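*Asks:*
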Amino acid sequence: MADRGYARISLDTKVSGSIQKQKSQITGSVMSKGGDPEKIEWYVDESRSGAIPMRERPDGGRLWEDVSKGDVVYVSKIDRAARSASDLLATVEHIEKAGASIVFVGNDIDTTGSTGRLLLTILAAVAEFERALIAERRRESISAAREEGRHIVGGAPYGFLSAENPKGRGLVIRPDWRDPEDGGEPPAKLLRDAIAAVMAGESQDSARKALGLSKTGMHKLLRNPRLAGMIPNGDGVVMVGGVPKIDPDAALLTLVEWRRLRDYLDKPETKAWSKARGYGAALRCEVCGDRLYYAKSNRKPEYSTYVCRRVKHEPGDTSPTVVAVRADAHLEQAFLGNWSDEPEIVEVVVDDPTARTEAIALAQVRLEAAQIAFLGELSDDEEEGVLRDLRDAKRALREAEDMPVERTTTTAPTGRTYGEAWQAADDAERSHLLLSCLGPAVVRRGKGLAIEEKVIWPIS
-14 MADRGYARIS
-4 LDTKVSGSIQ
6 KQKSQITGSV
16 MSKGGDPEKI
26 EWYVDESRSG
36 AIPMRERPDG
46 GRLWEDVSKG
56 DVVYVSKIDR
66 AARSASDLLA
76 TVEHIEKAGA
86 SIVFVGNDID
96 TTGSTGRLLL
106 TILAAVAEFE
116 RALIAERRRE
126 SISAAREEGR
136 HIVGGAPYGF
146 LSAENPKGRG
156 LVIRPDWRDP
166 EDGGEPPAKL
176 LRDAIAAVMA
186 GESQDSARKA
196 LGLSKTGMHK
206 LLRNPRLAGM
216 IPNGDGVVMV
226 GGVPKIDPDA
236 ALLTLVEWRR
246 LRDYLDKPET
256 KAWSKARGYG
266 AALRCEVCGD
276 RLYYAKSNRK
286 PEYSTYVCRR
296 VKHEPGDTSP
306 TVVAVRADAH
316 LEQAFLGNWS
326 DEPEIVEVVV
336 DDPTARTEAI
346 ALAQVRLEAA
356 QIAFLGELSD
366 DEEEGVLRDL
376 RDAKRALREA
386 EDMPVERTTT
396 TAPTGRTYGE
406 AWQAADDAER
416 SHLLLSCLGP
426 AVVRRGKGLA
436 IEEKVIWPIS
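Be aware that the sequence shown starts at -14, since it is given in my numbering, and climbs by one per residue.
This is the structure we're talking about:
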């Protein structure tokens, strides 16, 4: 038989009580029952949350193993042993099955009697209920703060800072345009530049190193709705009346820029073929009429080809292919041989899609948020409300897409020749020049590459 004292603490504060204070209470109780304080076996868990079951704590688990018949386990208060009624009762049951008893000194409860066991169960249930109420109030407080646009949980993302709320209490998130003490660029500008670099094709890994972020941190930051002045809420954003709450003063990107970034990040990677590289946009498959794509050779670059993805082909239909470097050379020769010295004429399109684009971007965010909300756990009444929001968002998107855009088209000389334009152009621009001046080049199976029905280079 032994007297065993158990003490636990999360943080050594006046509120939680120190280990030494718990030991003093237990020692006094042991002495009052005629025990020897020098013979107490101590079990102490420091920096351990009470939410962790006792048997899973280092010394709590050791106590579970050591307790035996005739022992008395002393704990200063109920919440030092457990923070839930189920864990507390499991601990008491284990101790009693071992033939021992447990005393909660501060609560004046001894489980050797039936009255003490009943009182223990009631107090544990009440304590658990109070903790649930506190957690619920905290969630409600956080939800209300989010709807008001205030920032109360977590740190500000890179490129942003927490600032005094100019419209009331608390803090709000704002882009950090402050000049660093070391004379560098403001964090908000560095973040905008990094986003622009990613959108231009630079790898996220390269962009994140300029910001000093981890791969995970960069991945989350690029998808953080705070970039567009929205407030994260689980997997979605804070909604007010079925519409995303947007604070323009908190935005680093416009809503349209945000949607473009999301679309860019969500598009599937192309590994076997590339849409952006080469003159595939100016080439056509003889079988289906679709454009061709650049297929990089893993052996040698000179073996790379232009291929059709065969999406519209019948089963068993082969695709015409052409070696990329040879096709490029002959297409360039055909273009420059006919158009090199001609003055470049371009179409100038003037339109104003701002209102339509903004409306579509807002409707897309609204629809996405409603879809996320619908997948959550909802009561029947809540589900009806979310369904209304979903229908309204779909209708808003259709209406936005149907909005007219005023557009006028004229032609104008650029002041340079087509040859000069070719030299200054990238692959996509050269493909556009080829289509404008020569028309699409058809790749024929076993025959060659034809422009305007004339074969200009045999494949073989």
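C-beta: ideal position from N, C-alpha, C; glycine also. In this text, all values refer to a predicted model and were calculated from it rather than measured experimentally.
If you draw a straight line from the C-alpha of residue 252 to the C-alpha of residue 177, how long is it?
*Replies:* Position 267 of the sequence shown, counting from 1, holds the residue named residue 252. Position 192 of the sequence shown, counting from 1, holds the residue named residue 177. Rounded to the nearest angstrom, the two C-alpha atoms are 21 Å apart.
*Asks:* Nearest by alpha-carbon distance to residue 70: which of 55, 37, 85 and 44 is it?
*Replies:* Reading the sequence shown from its first residue, position 85 is the one you call residue 70. The shortest CA-to-CA distance from residue 70 to any of 55, 37, 85 and 44 is the one to 37.
*Asks:* Name the one or two DSSP bridge partners that residue -12 has.
*Replies:* As a working mapping, residue -12 is identified with position 3 in the sequence shown. Note: residue -12 sits in a beta bridge opposite 57.
*Asks:* In whole angstroms, what is the alpha-carbon distance linking residue 349 and residue 372?
*Replies:* Here the question's residue 349 lines up with position 364 in the sequence shown. Here the question's residue 372 lines up with position 387 in the sequence shown. If I take the Cα positions, the gap works out to 16 Å.
*Asks:* Just to confirm my understanding: we take residue 386, look at its own chain, exclude 5 residues before and 5 after, and list those with CB closer than 7 Å. What are they?
*Replies:* In the sequence shown, counting from the first residue as 1, residue 386 sits at position 401. So the list reads 345, once near-sequence residues are dropped.
*Asks:* Using beta-carbon positions only, say whether residue 160 and residue 145 come within less than 8 Å of one another.
*Replies:* As a first step, residue 160 must be located in the sequence shown, where it is residue number 175. As a first step, residue 145 must be located in the sequence shown, where it is residue number 160. It is a contact, given that the beta carbons lie within the stated cut-off.
*Asks:* With a threshold of 8 Å on Cβ separation, who are the neighbours of residue 47 within its own chain once the five nearest residues in sequence on each side are excluded?
*Replies:* Along the sequence shown, read from residue 1 onward, the residue named residue 47 stands at position 62. Result list for residue 47: 28, in chain order.
*Asks:* With the cut-off set at 8 Å, would you say residue 290 and residue 309 are in Cβ contact?
*Replies:* Residue 290 sits at position 305 when you count from the first residue of the sequence shown. Residue 309 sits at position 324 when you count from the first residue of the sequence shown. Result yes, Cβ atoms of residue 290 and residue 309 sit closer than 8 Å.
*Asks:* Short check: CB of residue 52 to CB of residue 83, under 8 Å?
*Replies:* Residue mapping note: residue 52 aligns to position 67 of the sequence shown, counting from 1. Residue mapping note: residue 83 aligns to position 98 of the sequence shown, counting from 1. Yes, the pair counts as a contact, with Cβ atoms nearer than the cut-off.
*Asks:* Within 10 angstroms of its Cβ, does residue 72 collect 16 or more other Cβ (buried), or is it exposed?
*Replies:* The sequence position of residue 72 within the sequence shown is 87, counting from 1. By the C-beta density criterion, residue 72 is buried, having at least 16 other C-beta atoms within 10 angstroms.
*Asks:* At a cut-off of 7 Å, would you count residue 54 as near the ligand FAD, judging by its Cβ distance to the nearest heavy atom?
*Replies:* Looking at this structure, you won't find the ligand FAD or any other ligand, since it has none at all.
*Asks:* Excluding sequence positions up to five away, which residues of its chain have a Cβ less than 7 Å from the Cβ of residue 182?
*Replies:* Taking the sequence shown and counting its residues from 1, the one referred to as residue 182 is at position 197. Cβ within range, chain order: 192.
*Asks:* Can you tell me whether residue 378 is helix, strand or coil according to DSSP?
*Replies:* Walking along the sequence shown from the start, residue 378 turns up at place 393. In this structure, residue 378 counts as helix in the three-state DSSP scheme.
*Asks:* May I have the straight-line CA-CA distance separating residue 147 from residue 158, to the nearest angstrom?
*Replies:* On the sequence shown, residue 147 is found 162 positions in, with the first residue counted as 1. On the sequence shown, residue 158 is found 173 positions in, with the first residue counted as 1. Roughly 5 Å separates the two Cα atoms.
*Asks:* Between residue 150 and residue 156, what straight-line distance do the alpha-carbon atoms span, to the nearest angstrom?
*Replies:* For this step, residue 150 is matched to residue 165 along the sequence shown. For this step, residue 156 is matched to residue 171 along the sequence shown. In a straight line, the C-alpha of residue 150 is about 5 Å away from that of residue 156.
*Asks:* Alpha carbon to alpha carbon, how far is residue 217 from residue 76? Give it in angstroms, no decimals.
*Replies:* Working through the sequence shown from its first residue, we reach residue 76 at position 91. Working through the sequence shown from its first residue, we reach residue 217 at position 232. Going by the C-alpha atoms only, they are around 40 Å apart.
*Asks:* DSSP state of residue 293, grouped into three classes?
*Replies:* Position 308 of the sequence shown holds residue 293. Here residue 293 sits in coil by DSSP.
*Asks:* Are the C-beta of residue 328 and some C-beta of chain C separated by less than 8 Å?
*Replies:* Of the protein chains in the structure, only one exists, and it is not chain C.
*Asks:* Using DSSP with H/G/I as helix, E/B as strand and the rest coil, what is residue 400?
*Replies:* As a first step, residue 400 is located in the sequence shown; it is residue number 415 there, counting from the start. Here residue 400 sits in strand by DSSP.
*Asks:* Would you kindly work out how many angstroms separate the C-alpha atoms of residue 316 and residue 278, rounded to a whole number?
*Replies:* Here residue 316 refers to the residue found at position 331 of the sequence shown. Here residue 278 refers to the residue found at position 293 of the sequence shown. One C-alpha to the other measures close to 15 Å.
*Asks:* Might you give, ordered along the chain, the residues of its own chain that have their beta carbon closer than 7 Å to the beta carbon of residue 415, omitting 5 neighbours on each side?
*Replies:* Taking the first residue of the sequence shown as 1, we reach residue 415 at position 430. Excluding sequence neighbours, residue 415 sits near 264 and 407.
*Asks:* How long is the line joining the alpha carbons of residue 353 and residue 245, rounded to whole angstroms?
*Replies:* For the purposes of this step, residue 353 is identified with residue 368 of the sequence shown, where counting begins at 1. For the purposes of this step, residue 245 is identified with residue 260 of the sequence shown, where counting begins at 1. Near 15 Å, if we compare the C-alpha coordinates of residue 245 and residue 353.
*Asks:* Given a cut-off of 8 Å, decide if residue 269 and residue 428 are closer than it, judged by their beta-carbon atoms.
*Replies:* If you number the sequence shown from 1, residue 428 lands on position 443. If you number the sequence shown from 1, residue 269 lands on position 284. Going by C-beta atoms, residue 428 is nearer than 8 Å to residue 269.
*Asks:* Could you spell out the range, first to last residue, of the beta strand (DSSP E) harbouring residue 331?
*Replies:* Taking the first residue of the sequence shown as position 1, residue 331 is located at position 346. 328 to 336 is the extent of the beta strand (DSSP E) around residue 331.
*Asks:* Give the range of the alpha helix (DSSP H) segment to which residue 15 is assigned.
*Replies:* Position 30 of the sequence shown, counted from the first residue, corresponds to residue 15. Residues 4 to 17.
*Asks:* In its own chain, which residues sit with a C-beta less than 6 Å from the C-beta of residue 485, not counting the 5 before and 5 after it?
*Replies:* Within the shown structure, residues of the chain are numbered from -14 to 445, placing residue 485 beyond reach of any answer.
*Asks:* Give the secondary structure of residue 421 by DSSP, where H, G and I count as helix, E and B as strand, and everything else as coil.
*Replies:* As a first step, residue 421 is located in the sequence shown; it is residue number 436 there, counting from the start. Residue 421 falls in the helix class under three-state DSSP.
*Asks:* Could you pull out every residue in the same chain whose Cβ sits closer than 6 Å to the Cβ of residue 378, ignoring the five residues on either side in sequence?
*Replies:* Sequence index remark: in the sequence shown, residue 378 carries index 393 (1-based). Contacts found: 351, 352 and 355.
*Asks:* How about residue 335 and residue 298: do their beta carbons lie closer than 8 Å?
*Replies:* Indexing the sequence shown from 1 puts residue 335 at position 350. Indexing the sequence shown from 1 puts residue 298 at position 313. Their beta carbons are not under 8 Å apart, which means residue 335 does not touch residue 298 by this criterion.
*Asks:* Measuring CB to CB, does residue 25 end up less than 8 Å from residue 55?
*Replies:* Mapped onto the sequence shown, residue 25 falls at position 40. Mapped onto the sequence shown, residue 55 falls at position 70. Not closer than 8 Å, so no.
*Asks:* Within the continuous beta strand (DSSP E) that includes residue 148, where are the two ends?
*Replies:* For the purposes of this step, residue 148 is taken as residue 163 along the sequence shown, with counting starting at 1. It spans 145 to 149 - the beta strand (DSSP E) in which residue 148 sits, taken as one unbroken run.
*Asks:* Out of 65, 404 and 21, which has the shortest C-alpha to C-alpha gap to residue 42?
*Replies:* In the sequence shown, counting from the first residue as 1, residue 42 sits at position 57. Residue 42 has its Cα closest to that of 65, out of 65, 404 and 21.
*Asks:* Three-state secondary structure (DSSP) at residue 256?
*Replies:* As a first step, residue 256 is located in the sequence shown; it is residue number 271 there, counting from the start. Any answer about residue 256 is weak, because its pLDDT of 46 lies below 50 and its placement is not dependable; what the coordinates show is given next. Three-state DSSP puts residue 256 in coil, outside helix and strand.
*Asks:* Please work out which residues of its chain come closer than 7 Å, Cβ to Cβ, to residue 256, disregarding the five sequence neighbours upstream and downstream, and give them in chain order.
*Replies:* Mapped onto the sequence shown, residue 256 falls at position 271. Reliability fails at residue 256, whose pLDDT of 46 lies under 50, so the model's placement of it is uncertain and no value is given.
*Asks:* Which same chain residues end up closer than 7 Å to residue 179 when comparing Cβ atoms and leaving out the 5 residues on each side of it in sequence?
*Replies:* In the sequence shown, residue 179 corresponds to position 194, counting from 1. Correct list, in chain order: 192, 195 and 196.
*Asks:* Residues in its own chain within less than 6 Å of residue 224 by CB, not counting five upstream and five downstream?
*Replies:* The count along the sequence shown starts at 1 and reaches residue 224 at position 239. The residues are 354.
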